[in-house]
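Here's the structure we're looking at; comments come further down.
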Amino acid sequence: MSSGPKRQSDFLLWKLPRGFYYVAILVTCAALIPPALIIRARSVPREARRIHIIQNMDNQPKYKAQQQNILFRDGRAMRQPVPGTVARSQMVGDTHFFLGTVDGGYATAFPDQVTVDMDLLERGRDRYMIYCLPCHGVTAAGDGLVHDRAMMLLNLSPTLNNGTTWVQPKNLHEEAIAEQPVGQLFYTISNGKNNMASYAAQITVEDRWAVVAYVKALQEAGNADASAVPGADSLPERKMVLDDEEAATTTDSDATEGAAP
Amino acid sequence: MIGACLQPLTWTLLRIGLNYCQSPDLGVSPARGSRLDFLAWAAETVSSYFVKFFTGCLAARPGEFMGRYHFVFPRWSNLLLPAIIVVALTAPPYVVFMVAWGFSPKTTDVGYMPTQPVPFSHAVHAGDLGIDCRYCHNTVEYTAKASIPPTQTCMNCHLQVHPDSPKLEPLFESYETGMPVEWIRVHDLPDYAYFNHAAHVNRGVSCVECHGRIDTMEVVHQVEPLSMKWCLDCHREPDPHLRDPSLVTQLEWGWAMTDAERLAEGTKWAEINQLQPSQDCSTCHR
Chain A
9 MSSGPKRQSD FLLWKLPRGF YYVAILVTCA ALIPPALIIR ARSVPREARR
59 IHIIQNMDNQ PKYKAQQQNI LFRDGRAMRQ PVPGTVARSQ MVGDTHFFLG
109 TVDGGYATAF PDQVTVDMDL LERGRDRYMI YCLPCHGVTA AGDGLVHDRA
159 MMLLNLSPTL NNGTTWVQPK NLHEEAIAEQ PVGQLFYTIS NGKNNMASYA
209 AQITVEDRWA VVAYVKALQE AGNADASAVP GADSLPERKM VLDDEEAATT
259 TDSDATEGAA P
Chain B
528 MIGACLQPLT WTLLRIGLNY CQSPDLGVSP ARGSRLDFLA WAAETVSSYF
578 VKFFTGCLAA RPGEFMGRYH FVFPRWSNLL LPAIIVVALT APPYVVFMVA
628 WGFSPKTTDV GYMPTQPVPF SHAVHAGDLG IDCRYCHNTV EYTAKASIPP
678 TQTCMNCHLQ VHPDSPKLEP LFESYETGMP VEWIRVHDLP DYAYFNHAAH
728 VNRGVSCVEC HGRIDTMEVV HQVEPLSMKW CLDCHREPDP HLRDPSLVTQ
778 LEWGWAMTDA ERLAEGTKWA EINQLQPSQD CSTCHR
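Order-wise, the sequence lines are chains A and B. Take the first sequence: its letters are residues 9 to 269, numbered as in the working numbering. Take the second sequence: its letters are residues 528 to 813, numbered as in the working numbering.
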């Protein structure tokens, strides 16, 4: 140590052996590998399972819903009920409410458990928009988006559409359906009909009655006369003449005045 | 200072090396090919390397303490001190940062995108066809789990649409045998955290807040870290994530709003539903 540098320039002139520089360069490069891997993991979706270094509370010796349990032949941790099991909510002593039938025929009125009011119709619309709209469409005319796509597939060759067959979903405003009693609508939703599957597993009994009420309201509205609109006679008459731009842009009152003579 | 620490060690190493190289007392001349022969060769090679490396460090001073040679640190060894200081100051923060950044759930969990047995596209079904989330995940409003639908739900349409598709083969097999399709779970919370879907969905926390824009994903992947901090962030400041409970499945809702409008809407629904998310440990860990 006594032979230390006397001048700053001497200090800088001391060169480290080359090996030190090589090691320093290698270490610096190696230090860049972890951030590169991390940036990649953060930006690219990956298929590898997640790695948890610290598995805080990750694993509890139990089965969660829909998990696998290899003890059983079907691999399900959730067990199927024994065949013939009837849950309390599925007891069908009251055929009117649970099946939509009365004395072997379709019920013509809503069961006592269901109060037909605005809340029920709102609930029915909500459920209709989830479970019925894809096929039957927003106005129940049988023109939902699934129907549109199926029609598009039908135009492809069978090799491309994998043998798709499709029958247009029913227009619920058809006379034959509009005249059906509420019990029959309920029965159709519960058990399916033709190509339509049963929706009993997806929609609860109460909600199925709500959907029936909403469909009835839709049918009523679809087949109603203009005079059924409250205050229809006091509304201004509106005429649109599409060929004549001037007539189309004039106000309603002008149009009626012009049409009168 | 460093010299005082390193010198005895270096001396020892050096003495061993020099002995093997130069001592006439090595004595034995082991048989060729024996283990001793190899050891002698290895020792000689290593020690000769040491000798070459430290040639500049050896000053011939006969009769001194170490015998023929006296070890003197080269001048460059003074540069090791600043180098060691630099390494000591950068290495620990580097390690801490890499662990915190690399093992964060945003790195380990976000972006998990397994290949499912059936290449089901949410972009087609929930996006293009506009099918409501609850058509398939119909338990979400009533139970803790937003269940994977049974095969029957798929067959509502696929008995008629693409009934011969090879991509749907696992589905048809499941329909015939009654065995479940082995979907791979993407969003998986710790077993000790009890999350309830119904409690959130019915209070106006949309699917999109945790699952992202599923309706635009061809293959579903995780977009949020689903870590405890992330859960608590929302439980502390829920307003920007709330909406009208009837709009929870409208994933694109609010895209045209400014942040202020979105916040006002969230605050409105927090007041209507009187929401005060709990932050107790036992809320989730029970």
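Ideal Cβ positions, reconstructed from N, Cα and C, are used throughout, including at glycine. Just so it is clear, the structure is predicted and the values come from calculations on it, not from any experiment.
Contact list for residue i against chain B, beta-carbon separation under 8 Å
i: V52/A; result: G638
i: D82/A; result: G705, M706, P707
i: I59/A; result: T635
i: W174/A; result: Q687, V688
Residue burial classification, residue i (beta-carbon count within 10 angstroms, cutoff 16)
i: C808/B; result: exposed
i: A158/A; result: buried
i: Q188/A; result: buried
i: S574/B; result: buried
i: V223/A; result: buried
i: G594/B; result: Model confidence at G594/B stands at a pLDDT of 48, short of 50, so the residue's coordinates are unreliable; what they give is reported in the following sentence. Exposed, by the Cβ-count rule.
i: Y721/B; result: exposed
i: P557/B; result: With a pLDDT of 46 at P557/B, under the threshold of 50, the modelled position of this residue cannot be trusted, and the question is left open.
i: F106/A; result: buried
i: G145/A; result: buried
i: W796/B; result: buried
i: A232/A; result: exposed
i: E703/B; result: exposed
i: K247/A; result: exposed
i: C37/A; result: exposed
i: V747/B; result: buried
i: E792/B; result: buried
i: A653/B; result: buried
i: V175/A; result: exposed
i: A267/A; result: Its pLDDT being 43, under 50, A267/A is placed unreliably in this model, and the value from its coordinates should be taken loosely. A267/A is exposed by the Cβ-count criterion.
i: I197/A; result: buried
i: P551/B; result: Here the model assigns P551/B a pLDDT of 46, short of 50, so the residue's position is not dependable, and the following value carries that caveat. Result: exposed.
Element boundaries [alpha helix (DSSP H), containing residue i]
i: G230/A; result: 213 to 230
i: M755/B; result: 755 to 763
i: E183/A; result: 183 to 186
i: M625/B; result: 607 to 629
i: T93/A; result: Per DSSP, T93/A belongs to no alpha helix (DSSP H) and is neither H nor E.
i: F699/B; result: 696 to 704
i: C795/B; result: A small fix is needed here, since residue 795/B is Lys in this sequence, not Cys. That run of the alpha helix (DSSP H) goes 786 to 799.
i: E736/B; result: 735 to 738
i: L284/A; result: Lying outside 9 to 269, the shown extent of chain A, residue 284/A is not represented and no answer is given.
i: G191/A; result: 190 to 199
i: F600/B; result: Careful: F600/B lies outside any alpha helix (DSSP H) and carries neither H nor E.
i: N683/B; result: 678 to 685
i: F106/A; result: 103 to 106
i: T810/B; result: 808 to 811
i: Y662/B; result: 660 to 663
i: H727/B; result: 724 to 728
Contacts of residue i in chain A (Cβ-Cβ under 9 Å)
i: Y719/B; result: N64, M65, D66, N67, Q68
i: W603/B; result: W22, K23, L24, P25, F28
i: P644/B; result: The premise fails here: P644/B is roughly 13 Å from chain A at the closest Cβ pair, so nothing lies under 9 Å.
i: H768/B; result: Result: empty, since nearest Cβ-Cβ is about 22 Å, beyond 9 Å.
Contact set between residue i and chain A, taken where Cβ atoms lie within less than 7 Å
i: R661/B; result: I138
i: W628/B; result: I46
Closer than 9 Å at the beta carbon, the chain B residues around residue i
i: H104/A; result: By Cβ distance, chain B contributes nothing, its closest Cβ being about 24 Å from H104/A, past 9 Å.
i: D134/A; result: S773
i: N170/A; result: V688, H689, P690, D691, S692, P693, K694, L695
i: R157/A; result: V651, D655, L656, V688
i: P189/A; result: Going along chain B, no residue has its Cβ under 9 Å from P189/A, so there is no contact; the nearest lies around 25 Å.
Closer than 7 Å at the beta carbon, the chain B residues around residue i
i: I78/A; result: In chain order: nothing, as chain B lies at least about 12 Å away.
i: P89/A; result: Chain B residues near P89/A: none, gap ~14 Å exceeds 7 Å.
i: V154/A; result: L656, C684
i: L161/A; result: V688
Distance cut-off 6 Å: residue i Cβ against heavy atoms of the ligand HEM
i: P177/A; result: Among the ligands in the structure shown, none appear at all, so the ligand HEM cannot be discussed.
Fill in: Runs of alpha helix (DSSP H) lying entirely within the region 109 to 181 of chain A, each at least 4 residues, in chain order
126 to 139, 141 to 144, 153 to 162, 166 to 169
Discussion item. Check whether the region 692 to 702 of chain B and the region 738 to 748 of chain B are in contact - that is, three or more C-beta pairs closer than 8 Å.
Written reply: With contact defined as three or more Cβ pairs closer than 8 Å, the region 692 to 702 of chain B and the region 738 to 748 of chain B are not in contact.
Discussion item. Tell me whether the region 622 to 641 of chain B and the region 50 to 58 of chain A touch, counting them as touching only if at least three CB pairs, one residue from each stretch, are closer than 8 Å.
Written reply: Touching, yes, given that three or more Cβ pairs across the two stretches are closer than 8 Å.
Worksheet item: How about the region 656 to 664 of chain B and the region 126 to 141 of chain A: do they share at least three Cβ pairs that are nearer than 8 Å?
Response: yes
Worksheet item: Quick one: any contact between the region 795 to 812 of chain B and the region 726 to 736 of chain B, if contact means 3 or more CB pairs under 8 Å?
Response: yes
Item to complete: Give, in chain order, every unbroken run of the alpha helix (DSSP H) that is at least 4 residues long and sits entirely within the region 633 to 658 of chain B.
Response: none
Item to complete: Could you tell me whether the region 108 to 122 of chain A touches the region 207 to 225 of chain A, where touching means 3 or more Cβ pairs closer than 8 Å?
Response: yes
Worksheet item: Contact between the region 679 to 686 of chain B and the region 759 to 774 of chain B: three or more CB pairs below 8 Å?
Response: no
Worksheet item: So, do the region 66 to 74 of chain A and the region 710 to 720 of chain B have three or more beta carbon pairs nearer to each other than 8 Å?
Response: yes
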